[in-house]
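Asker:
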Amino acid sequence: MSQQLPFRFGSEVYTWFMSNSGQTHQGRLGHMIEVIAKAGFTGIQPIFTWMGDLIDPDKLEAKLTEQGITLAALALALDWNEEKETDREREVADHAIRVLRRFPGAVLNTVQIPTGRHDLVERQKRLVNIVNTVSRRAADAGVPCSYHPNSPHTSIIRTEEDYRIVLESLDSTVTGWTPDVGHIINGGMDPLSKMKEYQSLINHVHFKDWNGEPEFTLMGKGKVDLLAVTQWLKDINYNGWIICEDEGEEALEDPDFVTVHDGKWIQQDLIPALK
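In this note's numbering, the protein residues as written are 91 to 365.
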């Protein structure tokens, strides 16, 4: 899909997770890998706690090899609300790091599960401390890390001020930042401007589209200037992954269609428009 570009395009599995909080497509990661390959993507980002039997590195590697897909990243989504990791959170994080060691270059993509904006200042400090701590352990194991803010109204990292506080507190020696263009615009910011502001932190990228009605829409149908963002990434020679995490409402009924649509849109509309 991206042979002439410095970056590669992959797909997240959240498109399938949207239906019934993951229950509808539980245990179907193998199917998702097949659809992502059919769509023309070359990489995948599974949700670590939602991998079914493919959490076994042997089984995962076999399925990825079968379909010609690379493990681009794992999404590690946990609550992280306490002063430090809970025992369970540390156990899950360390398990994810062990799996990633099997796939050199694959990113540990940390994201907090939103639970409300209460005690905002203290909880932002706790989150930064935990993300930096997890990233340090991963880095010591040779696993690259990237932190992914999100934008639900219950997220503690959704506004411009939130971004300033948290991104400028990340330990950049062990973790980068994943700008998600849909979440950035949903938080009231311009995606490209924010990416330029914190360019030095970027080591992973998420694409989705947004129309504000109330939030996300099928890729290419919304208000995010995906062409301008992609052109800028090409111009700066960004050489990581662009992961499509489409949250358009169509995904609730037919995530396979959404994933194939995104692959075709990137190949037929986005890439040909690049200079």
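Every residue, glycine too, gets a C-beta built ideally from N, C-alpha and C.
As the structure is a prediction and not an experimental result, all values here were calculated from the model.
For the beta strand (DSSP E) that Val-201 lies in, which residues bound it at each end?
Answerer: The sequence position of residue 201 within the sequence shown is 111, counting from 1. Taken as a continuous stretch (DSSP letters only), the beta strand (DSSP E) holding Val-201 covers 197-202.
Asker: In three-state terms, what does DSSP make of Ser-225?
Answerer: In the sequence shown, the residue the question calls residue 225 occupies position 135. Helix, per DSSP.
Asker: Touching or not, the region 168-182 and the region 142-159, by the rule of three or more beta carbon pairs under 8 Å?
Answerer: As far as the Cβ criterion goes, the region 168-182 does not touch the region 142-159, which means the pair count is below three.
Asker: If you compare alpha carbons, which of Tyr-104, Gly-266, Phe-97 is closest to Asp-336?
Answerer: Position 246 of the sequence shown holds residue 336. Measuring from the Cα of Asp-336, the nearest candidate turns out to be Tyr-104.
Asker: Express the C-alpha separation of Asp-209 and Arg-248 in angstroms, rounding to a whole number.
Answerer: Residue mapping note: residue 248 aligns to position 158 of the sequence shown, counting from 1. Residue mapping note: residue 209 aligns to position 119 of the sequence shown, counting from 1. Straight-line Cα distance between these residues: approximately 15 Å.
Asker: Considering only residues of the same chain and omitting the five flanking positions on each side of Gly-272, which have a CB-CB separation below 6 Å?
Answerer: For the purposes of this step, residue 272 is taken as residue 182 along the sequence shown, with counting starting at 1. Around Gly-272: Lys-298, Trp-300, Phe-306.
Asker: Considering Gly-100, what are the terminal residues of the beta strand (DSSP E) in which it resides?
Answerer: Numbered from its first residue, the sequence shown carries residue 100 at position 10. Note, Gly-100: beta strand (DSSP E), 98-102.
Asker: Are the region 350-357 and the region 132-142 touching by the rule of at least three beta carbon pairs closer than 8 Å?
Answerer: No contact exists between the region 350-357 and the region 132-142.
Asker: If you draw a straight line from the alpha carbon of Thr-155 to that of Leu-95, how long is it in whole angstroms?
Answerer: Sequence index remark: in the sequence shown, residue 155 carries index 65 (1-based). Sequence index remark: in the sequence shown, residue 95 carries index 5 (1-based). Roughly 23 Å separates the two Cα atoms.
Asker: Pairing CB atoms from the region 221-241 with CB atoms from the region 186-197, are three or more of them under 8 Å?
Answerer: Yes, the region 221-241 is in contact with the region 186-197.
Asker: Under the DSSP definition of a beta bridge, which residues are partnered with Gly-133?
Answerer: Translated into the one-based positions of the sequence shown, residue 133 becomes position 43. In DSSP, Gly-133 forms a bridge with Gly-100, Thr-160.
Asker: Return the Cβ separation of Arg-213 and Thr-244 in integer angstroms, given the expectation that the two are a contact with Cβ distance under 8 Å.
Answerer: In the sequence shown, the residue the question calls residue 213 occupies position 123. In the sequence shown, the residue the question calls residue 244 occupies position 154. Between Thr-244 and Arg-213 the Cβ distance is about 11 Å, and since that is not below 8 Å, they are no contact.
Asker: From this set, His-294, Asn-222, Thr-263, Trp-140, which residue's C-alpha is nearest Phe-99's C-alpha?
Answerer: Your numbering for residue 99 matches position 9 in the sequence shown. Of His-294, Asn-222, Thr-263, Trp-140, the residue nearest in Cα terms is His-294.
Asker: Specify the secondary structure class of Phe-193 as computed by DSSP and reduced to three states.
Answerer: One-based indexing of the sequence shown puts residue 193 at position 103. In the structure shown, Phe-193 sits in coil (DSSP, three-state: anything other than H, G, I, E or B).
Asker: Which parts of the region 313-363 are runs of the beta strand (DSSP E), unbroken and 3 residues or longer, counting only runs that do not cross its ends?
Answerer: As far as the region 313-363 is concerned, its whole beta strand (DSSP E) runs of at least 3 residues are 331-334.
Asker: Which same chain residues end up closer than 7 Å to Gln-157 when comparing Cβ atoms and leaving out the 5 residues on each side of it in sequence?
Answerer: By one-based count along the sequence shown, residue 157 stands at place 67. Only Ile-123, Glu-124, Ala-127 meet the Cβ criterion.
Asker: With respect to the beta strand (DSSP E) encompassing Tyr-237, which residues constitute its N-terminal and C-terminal limits?
Answerer: Here the question's residue 237 lines up with position 147 in the sequence shown. Unbroken beta strand (DSSP E) run through Tyr-237: 235-237.
Asker: How far does the beta strand (DSSP E) with Val-264 in it reach, from first residue to last?
Answerer: Against the sequence shown, residue 264 aligns to sequence position 174. Where Val-264 is concerned, there is no enclosing beta strand (DSSP E), given that its DSSP letter is neither H nor E.
Asker: Taking the straight line between their C-alpha atoms, what separation do you get for Asp-143 and Glu-181?
Answerer: Here residue 143 refers to the residue found at position 53 when the sequence shown is read from its first residue. Here residue 181 refers to the residue found at position 91 when the sequence shown is read from its first residue. Distance between the alpha carbons of Asp-143 and Glu-181 is about 18 Å.
Asker: Helix, strand or coil for Leu-166? Go by DSSP, reduced to three states.
Answerer: Counting from one through the sequence shown, the residue named residue 166 turns up at place 76. Three-state result, Leu-166: strand.
Asker: Quick check: Thr-265 and Asn-222, are their CB atoms within less than 8 Å of each other?
Answerer: As a position in the sequence shown, residue 265 is number 175, starting the count at 1. As a position in the sequence shown, residue 222 is number 132, starting the count at 1. For Thr-265 and Asn-222, yes; Cβs fall inside 8 Å.
Asker: Mind checking who Trp-106 pairs with in its DSSP beta bridge?
Answerer: Position 16 of the sequence shown, counted from the first residue, corresponds to residue 106. According to DSSP, Trp-106 bridges with nothing at all.
Asker: Tell me the DSSP secondary structure of His-294 in three-state form.
Answerer: Position 204 of the sequence shown, counted from the first residue, corresponds to residue 294. Residue state, collapsed to three classes: coil.
Asker: Within the same chain, show all residues whose beta-carbon is closer than 6 Å to that of Ser-92, passing over the 5 residues directly before and after it, in chain order.
Answerer: Here residue 92 is taken as the residue at index 2 of the sequence shown, counted from 1. At Ser-92 the pLDDT is 45, less than 50, meaning the model places this residue with poor confidence; the figure from the coordinates comes in the next sentence. Arg-98, Phe-99.
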